[in-house]
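Undergrad: Residue numbers for the sequence shown follow full-length UniProt numbering, beginning at 1 and rising by one.
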Amino acid sequence: MVDCGAIQAALSAKLDGEPTGLDDEVIDAHLSHCEDCRNFYNRAARLNRMINFCTAEPKSITPPDLSEIILAEVEPQWRRRANAQVIGSMLSRVALVVLGVVYVVWGMMMLGESTSISMQEDPLTSRLIAEAATFRVGLAVGLFFAAWQPRIIVGILPIFGTLWTFSVGLAARDFVIGVADSQTGVSIILLLVSTIVLTIGWLNSRGAGVWRRTWSSLNAEPA
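(1) Can you tell me whether Pro-19 is helix, strand or coil according to DSSP?
(2) What number of angstroms, rounded off, separates the C-alpha of Gln-77 from the C-alpha of Gly-112?
(3) On the premise that Ser-92 lies in contact with Gly-201, defined as a C-beta separation below 8 Å, what is that separation, rounded to the nearest angstrom?
(4) According to DSSP, simplified to helix, strand and coil, what is Gly-5?
(5) Please determine if the segment 129-139 and the segment 101-109 are in contact, where contact requires at least 3 C-beta pairs separated by less than 8 Å.
(6) Within 10 Å of its beta-carbon, does Ala-10 have 16 or more other beta-carbons around it, so buried, or fewer, so exposed?
(7) Spatial neighbours of Leu-15 within its chain, please: CB distance less than 7 Å, with the 5 preceding and 5 following residues excluded, ordered by chain position.
(8) Excluding five sequence neighbours on each side, which residues of the same chain lie with their C-beta closer than 6 Å to the C-beta of Leu-139?
(9) Span of the alpha helix (DSSP H) holding Asp-28?
(10) I think Ile-152 touches Phe-160, with their Cβ atoms under 8 Å apart; what is that distance to the nearest whole Å?
(11) My assumption, with CB atoms under 8 Å, is that Leu-96 sits in contact with Leu-143. Please give the rounded CB distance.
(12) In three-state DSSP terms, what is Ala-180?
(13) Keeping to the same chain, check which residues put their C-beta closer than 7 Å to that of Ser-167; ignore five residues upstream and five downstream.
(14) Does DSSP classify Gln-149 as helix, strand or coil?
(15) On a Cα-Cα basis, can you pick out the residue from Ser-194, Asn-204 and Leu-203 that is closest to Val-101?
(16) State yes or no: is the C-beta of Asp-174 within less than 8 Å of the C-beta of Thr-184?
(17) Output needed for Ile-27: all residues of its chain with C-beta closer than 8 Å, excluding positions within five of it in sequence on either side, in chain order.
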């Protein structure tokens with residue numbers, strides 16, 4: 001006597017196109033009087049047709065090409081962003097050149113003033129003015145190089161930021177004791193503007209994700 005489990009296994013093999021191990025007459029005789037096996041066979045046959053349909057469906061249907069639609073949506077945004085980055089980079093480089101010229105003119109004016117001071121009568125003041133003029137010309141050269149090669153801004157920016165920070169502190173001290181003058185204010189403003197312009201140039205040269213990349217590199221752990 002063949003049980004329902006053997007019949008159902010044979011039915012599954014038959015639907016899969018495999019040898020059933022039983023004669024078809026035995027299977028048909030069992031199905032004629034077993035309602036459970038008939039229901040099993042009907043469900044299995046229905047499921048087999050669905051699987052075959054789903055397997056054949058991708059071969060007959062070609063998915064639409066959405067690349068042109070995607071590019072049409074993305075390209076205008078990319079162009080606007082690229083144009084804004086180019087314009088911002090150009091303006092920041094022009095501003096760096098202008099600031100460099102201001103520092104050079106200021107340094108030359110200080111050297112001109114130092115010629116009126118005798119080295120024999122006041123050597124300390126003359127040397128300090130010459131060093132201050134040299135300092136400003138050095139800053140101008142750094143700004144010129146940053147305008148020429150924006151990739152080096154990352155090395156110049158901390159210098160200007162540090163100079164501005166300490167200059168603000170020293171200026172506050174001079175203001176409290178009453179020795180601050182107009183040159184102190186001009187120096188602080190120029191350092192602040194230079195730091196801001198350098199920051200803008202750095203952002204334009206490195207792209208919008210520069211803050212995220214910088215933060216990730218600072219938090220990176222050595223292997």
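We put the CB at the ideal spot given by N, CA and C, even for glycine.
TA: Checking against the coordinates, here is how it stands:
(1) Position 19 of the sequence shown holds residue 19. The answer is coil: DSSP assigns Pro-19 none of H, G, I, E or B.
(2) The residue you call residue 77 lines up with position 77 of the sequence shown. The residue you call residue 112 lines up with position 112 of the sequence shown. Each residue's Cα considered, the two are about 53 Å apart.
(3) Your numbering for residue 201 matches position 201 in the sequence shown. Your numbering for residue 92 matches position 92 in the sequence shown. Their Cβ separation, rounded to whole angstroms, is 4 Å, which keeps Gly-201 and Ser-92 in contact under 8 Å.
(4) As a position in the sequence shown, residue 5 is number 5, starting the count at 1. DSSP places Gly-5 in helix when its eight states are reduced to three.
(5) yes
(6) Counting from one through the sequence shown, the residue named residue 10 turns up at place 10. Flag for Ala-10 reads buried.
(7) Along the sequence shown, one-based indexing puts residue 15 at 15. Within the same chain, Leu-15 has close Cβ partners Ala-44, Ala-45 and Asn-48.
(8) Counted from its first residue, the sequence shown places residue 139 at position 139. Contacts found: Tyr-103.
(9) In the sequence shown, counting from the first residue as 1, residue 28 sits at position 28. Membership of Asp-28 in the alpha helix (DSSP H) is indicated by the continuous run 24-33.
(10) The sequence position of residue 152 within the sequence shown is 152, counting from 1. The sequence position of residue 160 within the sequence shown is 160, counting from 1. Their Cβ separation, rounded to whole angstroms, is 13 Å, which puts Ile-152 and Phe-160 out of contact at 8 Å.
(11) For the purposes of this step, residue 96 is taken as the residue at position 96 of the sequence shown. For the purposes of this step, residue 143 is taken as the residue at position 143 of the sequence shown. At roughly 5 Å, the Cβ-Cβ gap stays under 8 Å, so Leu-96 and Leu-143 are in contact.
(12) Taking the first residue of the sequence shown as 1, we reach residue 180 at position 180. In this structure, Ala-180 counts as coil in the three-state DSSP scheme.
(13) For this step, residue 167 is matched to residue 167 along the sequence shown. Closer than 7 Å at Cβ, skipping near neighbours: Ser-187, Ile-188 and Leu-191.
(14) The count along the sequence shown starts at 1 and reaches residue 149 at position 149. Coil at Gln-149, not helix or strand.
(15) Reading the sequence shown from its first residue, position 101 is the one you call residue 101. Checked all of Ser-194, Asn-204 and Leu-203; the closest Cα to Val-101 is Ser-194.
(16) The residue you call residue 174 lines up with position 174 of the sequence shown. The residue you call residue 184 lines up with position 184 of the sequence shown. Yes, they are a contact pair.
(17) Sequence index remark: in the sequence shown, residue 27 carries index 27 (1-based). Cβ neighbours of Ile-27 beyond the five flanking positions: Ile-7, Ala-10, Leu-11, Lys-14 and Thr-20.
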